[in-house]
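Residue numbers (the UniProt record's numbering): 1 to 91.
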């Protein structure tokens, strides 16, 4: 049996193992970054949808507020806007 391994063969084997380890670690790290990016994109989408729904609710409230104001300030039959605010005695 020949137990002697030449120095270059041993070095080649060690380098191959170390490069394989580096490749596996790098690929695992790249997969981690990839999946983290995907997860962040989904989280940002949810956050964005929440912000959009908040804006939409705010706009709807503002629209109903404007409609209420407009209905309050309508004129009466005789053209008076203040008829609602005056009491019966003042009329």
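Note that CB positions come from ideal geometry on N, CA and C, so glycine has one too.
Given the structure is predicted, the values throughout are model-derived calculations rather than measurements.
Going by DSSP in three states, residue i sits in which element: helix, strand or coil?
{"i": "residue 1", "result": "Only weak support exists for where residue 1 lies, its pLDDT of 46 falling under 50; the coordinates are left without a value."}
{"i": "residue 16", "result": "helix"}
Taking CB distances under 8 Å as the criterion, tell me whether residue i reaches chain C.
{"i": "residue 30", "result": "The chain inventory of the structure shown lacks chain C, comprising one protein chain alone."}
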